[in-house]
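Trainee: Sequences listed follow chains A and B, in order.
Okay, so the first sequence: first residue is 0 according to numbering that gives the first Met the number 0, each after it adds one.
Okay, so the second sequence: first residue is 0 according to numbering that gives the first Met the number 0, each after it adds one.
All residues carry an ideal CB built from backbone N, CA and C; glycine is no exception.
Please read these numbers as outputs of a predicted model, since none were measured by experiment.
The structure is given below, and queries will be raised subsequently.
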Amino acid sequence: MTAADLCYFEDLVVGEMHQTPAITVTQAHVTQFVGLTGDWPDQGGGDDAVVPGLLPLCISSGLGFRVPGPPLAVLAFMGFEWRFLEPVRIGDTILSRSTTLTKRAMREGGVVVEGRDVYNQRGEVTQSGRLTLLVAKRPAASA
Amino acid sequence: MRAHAILPAMTGDQRRHFEDIQVGEEYESPGRTVTEADIVIFAGLSGDYNVLHTDAEFMKSSIFGERIAHGLLGLSIQSGLLTRGMRPYATIAFLGLRWKFKGPIKIGDTIRVRAKVAGKKETGKPDRGIVTLFRQVLNQRGEVVQEGETDVMVARRP
């Protein structure tokens, strides 16, 4: 892997927003997720079409990979806070928008706070939160 | 399987309601060994193919020395694990969480969840309330690899 393949701490611009492509959440996603995690959906007052809340969050991380451009050089996912605002149902099509809120350089890499909103096909924010990531600095040799 | 996991199905709705739940109650899940297959399936399901989780050669030179599980995989597994360590709540909605990833989960690690009711809060609606659980995910050495708080909306008895 070469330095050019990754987006480093120095490359991130505070306030810059990226929108991912969209994906339709299917019964197949739910079946795989429940089988993998044993996390049965228990929300939505018995509405079987409501998917486990953590599933759209997990999918939003993968959607980030499909934004054009080099992937972020993440050293570690440090933590996050997240709110589930509206249920996501089977058949809904979701996408996410991420914005770099703050960045703080450390000795090894830098701490980046990313704001992320997950939208459905009606433009409603279904889930929203802030993620804290440790991102690598550009290696000196390639600067 | 423990008796309390079987009995509720035979005796109707045994979900616990807001007024049944006491601050300070503790729960503990069984353990589960996180495998390479779990990570591969999660990468495919989520689309998160970050090298941290998928490139064994690249990770040899990382601070972890090998591939690690996605943080969100650990979070999702603990959610399922804890349902096996407690009677279900009469949950209306999962409201949110605050979560820290404190250490890596590596292939072959066995994790379990310890949880405690950290707080109960009334809401504007009299038929429900918010329960906050403090959860810790521990590995086979007893190290806390993830921890945080989850908020769920729970119904009162009808």
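Out of A:Val49, A:Gln126, A:Gly122, state which residue places its alpha-carbon closest to the alpha-carbon of A:Thr30.
Mentor: Cα-wise, what sits closest to A:Thr30 is A:Val49.
Trainee: Tell me A:Phe79's beta-bridge partners as DSSP assigns them.
Mentor: Bridge partners of A:Phe79: A:Leu130, B:Trp98.
Trainee: So what's B:Met204 in DSSP terms, helix, strand or just coil?
Mentor: Look at the range of chain B in this structure, 0 to 157, and you will see that residue 204 of chain B is not part of it.
Trainee: If you drop the 5 nearest sequence neighbours on each side, which residues of the same chain put their C-beta closer than 6 Å to that of B:Arg86?
Mentor: If we look at B:Arg86 and ignore the five residues flanking it on each side, its Cβ neighbours are Arg15.
Trainee: Looking at the C-beta of A:Asp38, does it have a partner C-beta in chain B at a distance below 9 Å?
Mentor: Yes, because at least one Cβ of chain B sits closer than 9 Å to the Cβ of A:Asp38.
Trainee: Using CA atoms only, rank isn't needed, just tell me which of B:Ile110, B:Leu96, B:Asp150, B:Ala92 is closest to A:Gly78.
Mentor: Cα-wise, what sits closest to A:Gly78 is B:Leu96.
Trainee: Quick check: A:Asp91 and A:Val24, are their CB atoms within less than 9 Å of each other?
Mentor: Yes; because the gap between Cβ atoms is below 9 Å, this pair is in contact.
Trainee: From the DSSP secondary-structure annotation, give me the bridge partner or partners of B:Ala114.
Mentor: Paired residues: B:Tyr26, B:Arg134.
Trainee: Once DSSP output is grouped into helix, strand and coil, what is the label at A:Arg115?
Mentor: Strand.
Trainee: Does any C-beta atom of chain A lie closer than 9 Å to the C-beta of B:Leu74?
Mentor: Output row for B:Leu74: interface = yes.
Trainee: Could you tell me if B:Arg31 is buried or exposed, where buried requires 16 or more neighbouring beta carbons within 10 angstroms of its beta carbon?
Mentor: Buried, by the Cβ-count rule.
Trainee: With B:Glu142 as the anchor, note down where its alpha helix (DSSP H) starts and where it stops.
Mentor: Here B:Glu142 belongs to no alpha helix (DSSP H), and DSSP marks it neither H nor E.
Trainee: Step through the CB atoms of chain B and report whether any lies within less than 9 Å of the CB of A:Pro86.
Mentor: Interface residue, yes.
Trainee: With three or more beta-carbon pairs closer than 8 Å as the criterion, would you say the stretch 124–136 of chain B touches the stretch 32–41 of chain B?
Mentor: No, the stretch 124–136 of chain B is not in contact with the stretch 32–41 of chain B.
Trainee: Whole angstroms is fine: what's the gap from B:Gly118's alpha carbon to B:Gln139's?
Mentor: Taking the straight line from one Cα to the other gives about 28 Å.
Trainee: Quick one: list the residues of chain B neighbouring A:Gly61, beta-carbon separation under 7 Å, in chain order.
Mentor: Within chain B, the residues near A:Gly61 are Ser45, Gly46, Asp47.
Trainee: Return no unless some Cβ of chain B is closer than 9 Å to the Cβ of A:Phe8.
Mentor: It does not; no Cβ of chain B falls within 9 Å.
Trainee: Drop a sphere of 10 angstroms on the beta-carbon of B:Arg156, count the other beta-carbons inside from all chains shown, and report buried for 16 or more, exposed for fewer.
Mentor: B:Arg156 should be labelled exposed.
Trainee: Sort out for me which residues DSSP pairs B:Tyr88 with in a bridge.
Mentor: For B:Tyr88, which the question treats as bridged, DSSP gives the partners B:Arg15.
Trainee: Do you know offhand how far B:Glu148's Cα is from B:Lys115's?
Mentor: In a straight line, the C-alpha of B:Glu148 is about 10 Å away from that of B:Lys115.
Trainee: Pick helix, strand or coil for A:Gln120, following the three-state DSSP scheme.
Mentor: Correct three-state label for A:Gln120: coil.
Trainee: Under the assumption that A:Phe64 contacts B:Asp47 (Cβ atoms under 8 Å), give the Cβ distance between them as a whole number of angstroms.
Mentor: Confirmed, about 6 Å.
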